[in-house]
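Line by line, the protein sequences are chains X and C.
Residue numbers for the first sequence follow our numbering, so the first one is 101 and each next one is one higher.
Residue numbers for the second sequence follow our numbering, so the first one is 75 and each next one is one higher.
Beta carbons: idealized from backbone N, C-alpha and C, even for Gly.
None of the values given here were measured: they were computed from a predicted structure.
Take a look at the structure below.
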Amino acid sequence: MLAVLLCAARLLLPPDSTVLLIRVLDVSDARIGGDAILITDSSAGGARHVLIDAGEHGPRIAAWLEQFHVDTLAAVILSHAHVDHYGGLGTVFSRVPVRAFVYGGTPRTAVSYRALLSQIGRRHIPVVTADTGVRLLTLVTGADSVELRILAPPRGCGTLPGAAGGDAVNNCSVGVRLARGTFAMLFPGDAEQSELGWWMMTTPALLRADVLKAGHHGSSNATSAELLDVVRPRAVIISANGRQHPFASVLGLLAARGIPTFCTADHGTVTVRVPRGGEWSITTARAGRCHARTAR
Amino acid sequence: MPESHRLIIDRHEGDLAVVEVDGGPVLDLPRWLLPHAARPDDVLASWGRIGRW
C-alpha cells in the first residue's frame with residue numbers, strides 16, 4: 101500500500117520538480133535580436149519563476165509562460181531598454197502578477213518604453229533601479245535557494261543623453277550572475293566591449309561562470325577572447341533570431357576553444373538543467389548546429 | 075495623399091535602423107532611408123506610406 105502511495109505521489113509531481121531550469125526561450129519571431137530567459141526553481145513544494153527580458157512580441161512570450169505554467173513571476177529583470185528586450189513586457193505585466201521589476205533606469209524616448217514604465221507604476225509593482233554596485237536577489241523555493249547578483253551598468257546610464265549613440269544603450273545593460281551551489285551562469289544583456297571591460301575591472305570574480313549567455317546576440321562586439329579568459333565558460337548560449345546574428349567571428353572564436361555553443365535560431369529553446377546534487381546539462385528543442393548570419 | 079508618421083529610433087543594427095512608428099509597431103528600415111545624422115532616441119517626422127518589405 102505504501103509503495104502504491106509513494107508511486108502515486110511521484111506521479112503527481114511535475115517532471116522537473118526538483119531542478120533549476122534556465123530556459124533561453126526561442127523568440128525567433130522577433131525581427132532582429134530578441135532575448136527572453138525564464139528561470140524556474142522547483143521543489144516538491146512549488147516553483148518560483150524569474151524572467152529576464154521578454155523579447156519583442158507579447159503574444160509569443162505569453163505563450164511560453166502559459167506553456168510552462170507560470171502563474172506568478174517573483175521578479176522581472178530588464179537588461180536594457182531596447183525593444184527586442186522590453187517589447188513583450190507589457191503583455192507579461194497584464195497577464196501575470198509580478199512581484200518586483202529590476203532595471204537599470206536608463207531613460208528612452210520611445211513611447212512604448214515610457215508606456216511600459218507607466219504601466220508598472222499603475223500596477224504598483226515594486227521597482228528596483230540597479231544603477232550602482234551589485235545587488236543580490238535570492239530566490240527561495242522550499243529548502244533551495246538561487247542567488248541572482250545584479251551587476252549595475254557604469255555611472256551615467258541614468259542620465260543618458262538622447263543624442264547618445266546606439267551602442268550606448270547596450271553598454272547600459274544590467275548584468276545578471278546566477279549561482280546555485282557550485283553552478284553559475286552569466287547573462288550580460290547586450291553589453292559590449294566597453295561595459296564588459298568595466299565589469300572585468302570592477303567585478304571580475306562575478307563574471308566567472310559555467311554557462312555564458314552570449315552578449316548582444318552573438319555579435320563580435322560582445323564576445324572576445326579577453327572575456328572568455330575571464331568567464332571560462334564550459335558552454336555558451338546565443339539568443340538570436342537568425343536574421344543578422346550570430347556573427348561568424350564569434351562562432352569561430354568559440355569553436356577554436358572547443359566551447360559547445362547553442363543558438364536559439366538553430367536549436368530553438370535551449371534549456372540548462374541544474375539538478376540538486378548532480379551535474380548540469382543542456383538540452384535543445386531541435387537538433388542542429390549554430391550557423392553564422394553575419395560573415396564578419 | 076501622403077500619410078504623416080512619427081518615427082522614434084530604437085537602435086541601429088548594422089545597415090538597419092529599428093524604429094517605433096507612431097508609438098506602436100516597430101519596423102526595420104534601411105539606415106540610408108533616414109537622415110545621416112539620425113541617432114537612437116531621435117524623433118523623426120515622415121510623410122509617405124510605411125510598410126513591411
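Assuming lysine 313 of chain X and leucine 296 of chain X form a contact by the criterion Cβ under 8 Å, report the distance between their Cβ atoms to the nearest whole angstrom.
-> For the purposes of this step, residue 313 of chain X is taken as the residue at position 213 of the first sequence. For the purposes of this step, residue 296 of chain X is taken as the residue at position 196 of the first sequence. Contact doesn't hold; Cβ gap of about 13 Å is too wide.
Tell me whether arginine 222 of chain X sits in a helix, a strand or coil according to DSSP, three-state version.
-> Within the first sequence, the letter at position 122 stands for residue 222 of chain X. Arginine 222 of chain X: helix per DSSP, three-state reduction.
Determine the burial state of glutamate 326 of chain X: buried for a count of at least 16 other Cβ atoms within 10 Å of its Cβ, exposed for fewer.
-> Sequence index remark: in the first sequence, residue 326 of chain X carries index 226 (1-based). Looking at its Cβ environment, which holds fewer than 16 other Cβ atoms inside 10 Å, glutamate 326 of chain X is exposed.
Leaving out five residues before and five after proline 114 of chain C in sequence, what residues of the same chain have Cβ atoms less than 8 Å from its Cβ?
-> Indexing the second sequence from 1 puts residue 114 of chain C at position 40. Closer than 8 Å at the Cβ level, and outside the excluded window around proline 114 of chain C, lie Ile83, Asp84, Arg85 and His86.
DSSP state of valine 93 of chain C, grouped into three classes?
-> Residue mapping note: residue 93 of chain C aligns to position 19 of the second sequence, counting from 1. Three-state result, valine 93 of chain C: strand.
Short CB-CB distance (under 8 Å) between tryptophan 127 of chain C and chain X | Residue numbering aside, residue 127 of chain C sits at position 53 when the second sequence is read from its first letter. In this predicted model, tryptophan 127 of chain C has a pLDDT of only 44, less than 50, meaning its place in the structure is not dependable; the value taken from the coordinates is given anyway. Not one chain X Cβ lies under 8 Å of tryptophan 127 of chain C.
Partners in chain C for arginine 208 of chain X, counting only beta-carbon separations shorter than 7 Å = Within the first sequence, the letter at position 108 stands for residue 208 of chain X. Simply Asp115.
Output the boundary residues of the alpha helix (DSSP H) element that contains alanine 365 of chain X.
-> Mapped onto the first sequence, residue 365 of chain X falls at position 265. 364-367 is the span of the alpha helix (DSSP H), which, as asked, contains alanine 365 of chain X.
How many Å lie between glutamate 77 of chain C and leucine 118 of chain C at the Cα?
-> Taking the first residue of the second sequence as 1, we reach residue 77 of chain C at position 3. Taking the first residue of the second sequence as 1, we reach residue 118 of chain C at position 44. Approximately 14 Å, taken between the alpha carbons.
With C-beta atoms as the reference, is valine 311 of chain X less than 8 Å away from isoleucine 337 of chain X?
-> Within the first sequence, the letter at position 211 stands for residue 311 of chain X. Within the first sequence, the letter at position 237 stands for residue 337 of chain X. Against a cut-off of 8 Å, the Cβ pair of isoleucine 337 of chain X and valine 311 of chain X comes out as a contact.
Would you call the stretch 338-345 of chain X and the stretch 132-149 of chain X in contact, with 3 or more CB pairs under 8 Å?
-> yes
Within this structure, are the beta carbons of threonine 369 of chain X and aspartate 126 of chain X separated by less than 8 Å?
-> For this step, residue 369 of chain X is matched to residue 269 along the first sequence. For this step, residue 126 of chain X is matched to residue 26 along the first sequence. Yes, these two residues count as a Cβ contact at 8 Å.
What residue does the alpha helix (DSSP H) around valine 260 of chain X start on, and which one ends it?
-> For the purposes of this step, residue 260 of chain X is taken as the residue at position 160 of the first sequence. Inspection of the sequence shows that residue 260 of chain X is occupied by leucine rather than by valine. Run containing leucine 260 of chain X: none; DSSP gives neither H nor E here.
Relative to the alpha-carbon of valine 234 of chain X, which residue among X:Ala243, X:Arg255, X:His367 and X:Ala154 has its alpha-carbon at the smallest distance?
-> Locating residue 234 of chain X in the first sequence gives position 134, where the first residue counts as 1. Looking at the Cα atoms, X:Arg255 is the closest of the given residues.
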